[in-house]
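Structure first, commentary second.
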Amino acid sequence: MLMHQKKALEEIGATMKSPNAEIHFGIGKMSEIRFEYGASLSAGRFDVQEIGAYSYAGGGTTIMRNVGRIGRFCSIAPNLTTGVEERPTDFISSHRVLQGLAVNHLDEAKDFLERNAAALEKCQTLYKERLGDDANKITIGNDVWIGEGAFIRRGVTIGDGAIIAGRSVVVGDVAPYQIVGGVAAKPIRTRFAPAIVSKLIELKWWLYGLPALEGTDFTDVETACDQIAHNITSNNLPLWRPAAKTVLTDGTVVDS
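Positions 15 to 270 (the working numbering) are the ones given, in order, by the sequence shown.
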């Protein structure tokens, strides 16, 4: 990250908690990333398309790859790994040479692939469709807490309000307000009773920002839901459109 990028992001309250040299936008190449008001990053490499308001991530050896969106009010602990490249299990070999990857310096491999160009093209096409970056973005909902050292597989969707226990390996979707943990991660319990979960899913308070929580008891979810509903309807709260900036692939920062 460059100093002018840091200063531009600070204009919308987005903070970078580590030295500039420890925060990288992209892995291997620069990635475009959109920040909403109050978002925060610490050390790590971030191939993330968008990070929502007040959410924070990074620290330690964080590598976030192939993430489409991080929602608002997310708490993401250090040393997270997401979206690591996967290999095909149903081809003759899982090795990357059969996709023509990392062989430019290997004459034997290049000659082999030239002689088998049709097979290479088919293999590349199927690999991109099934396991490629564009087809397998990770989505992290709003008000999600991810514990330290977790691993999240490509293509996973983590629902609003979910909690991922530290060191868990998440290989499948996580339902809203579900707590999961383990290797591979399995449901432990829901955060709240089903009726309250349904209310929270319906309310989507993060769409209205902190004004939706005005006057609530933060520790009593049931009464808070009633107050949130009152705030939204009686006060005619508009959808929150926080200030946002995008760091483009050429390094410039623009309003978004």
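No residue lacks a Cβ here, since even glycine has one placed at the ideal position from N, Cα and C.
These numbers were taken from a predicted model, which means no experiment stands behind them.
Find out if the Cβ-Cβ distance for the pair V81, K151 is shorter than 9 Å.
Here the question's residue 81 lines up with position 67 in the sequence shown. Here the question's residue 151 lines up with position 137 in the sequence shown. In this structure, K151 lies closer than 9 Å to V81 by Cβ.
Hey, quick one: how far does the beta strand (DSSP E) through F39 stretch, first residue to last?
Taking the sequence shown and counting its residues from 1, the one referred to as residue 39 is at position 25. Residues I37 to F39.
Going by other Cβ atoms of all chains shown within 10 Å of its Cβ, with 16 needed for buried, is V197 buried or exposed?
By 1-based counting over the sequence shown, the position of residue 197 is 183. V197 should be labelled exposed.
Checking 9 Å against the spacing of the C-beta atoms, do S69 and I37 come in under that value?
Here residue 69 refers to the residue found at position 55 of the sequence shown. Here residue 37 refers to the residue found at position 23 of the sequence shown. Cβ distance not < 9 Å, so S69 and I37 don't count as in contact.
Identify, in the order they occur along the chain, each residue of the same chain with its Cβ nearer than 7 Å to the Cβ of L16, setting aside the five sequence neighbours on each side.
Here residue 16 corresponds to residue number 2 of the sequence shown, with the count starting at 1. Around L16: N34 and G265.
What residue range is occupied by the uninterrupted alpha helix (DSSP H) comprising L17?
Counting from one through the sequence shown, the residue named residue 17 turns up at place 3. For clarity, residue 17 is Met in the given sequence; the question names Leu instead. Start and end: M17 to E24.
In chain order, which continuous runs of the alpha helix (DSSP H) of length 4 or greater are located wholly inside the stretch 52-137?
121-129
Kindly confirm or deny that the stretch 195-212 and the stretch 243-255 touch, where touching means at least three C-beta pairs closer than 8 Å.
no
Please identify the residue among D147, P190, D125 and V185 whose C-alpha is closest to the C-alpha of G175.
In the sequence shown, residue 175 corresponds to position 161, counting from 1. Measuring from the Cα of G175, the nearest candidate turns out to be P190.
E46 - partner residues in DSSP beta bridges:
Taking the sequence shown and counting its residues from 1, the one referred to as residue 46 is at position 32. The partner list for E46 (beta bridge, DSSP) is empty, contrary to what the question assumes.
Test item: CB-CB of M30 and R59 under 9 Å
Reading the sequence shown from its first residue, position 16 is the one you call residue 30. Reading the sequence shown from its first residue, position 45 is the one you call residue 59. Cβ atoms of M30 and R59: not closer than 9 Å.
Candidates T233, Y222, H18 and D148: closest to L251 by CA position
If you number the sequence shown from 1, residue 251 lands on position 237. The option with the nearest alpha carbon to L251 is Y222.
Among D125, N156, G169 and F126, the one whose alpha carbon lies nearest that of G146
As a position in the sequence shown, residue 146 is number 132, starting the count at 1. Closest option to G146, Cα to Cα, is G169.
Does the stretch 92-99 come close enough to the stretch 152-167 to have 3 or more Cβ pairs within less than 8 Å?
yes
Ignore the nearest five residues each way along the sequence and tell me which others in E236's own chain have a CB closer than 7 Å to its CB.
Working through the sequence shown from its first residue, we reach residue 236 at position 222. So the list reads I210, once near-sequence residues are dropped.
DSSP beta-bridge partners for P201?
On the sequence shown, position 187 is the one that residue 201 refers to. Beta-bridge pairing links P201 to V194.
Sufficient close CB pairs (3 or more, under 8 Å) joining the stretch 99-113 to the stretch 133-147
yes
Count the other CB atoms within 10 Å of the CB of E64; is the residue buried (16 or more) or exposed (fewer)?
For the purposes of this step, residue 64 is taken as residue 50 along the sequence shown, with counting starting at 1. Its Cβ being crowded by 16 or more others within 10 Å, E64 is buried.
Go through its chain and collect everything with a Cβ distance to F87's Cβ below 8 Å, but skip five positions before and after it.
Locating residue 87 in the sequence shown gives position 73, where the first residue counts as 1. Closer than 8 Å at Cβ, skipping near neighbours: G66, A67, Y68, S69, N156, D157 and W220.
Could you tell me the alpha carbon to alpha carbon distance between V268 and T260, rounded to whole angstroms?
Here residue 268 corresponds to residue number 254 of the sequence shown, with the count starting at 1. Here residue 260 corresponds to residue number 246 of the sequence shown, with the count starting at 1. For V268 and T260, the distance between alpha carbons rounds to 5 Å.
Under the three-state reduction of DSSP, which class applies to V267: helix, strand or coil?
One-based indexing of the sequence shown puts residue 267 at position 253. V267 falls in the strand class under three-state DSSP.
Where P256 and E50 are concerned, what is the direct C-alpha to C-alpha distance, given to the nearest angstrom?
As a position in the sequence shown, residue 256 is number 242, starting the count at 1. As a position in the sequence shown, residue 50 is number 36, starting the count at 1. Those two C-alpha atoms are separated by around 6 Å.
Look up W159 in the DSSP assignment and say whether it is helix, strand or coil.
The residue you call residue 159 lines up with position 145 of the sequence shown. It is a strand residue.
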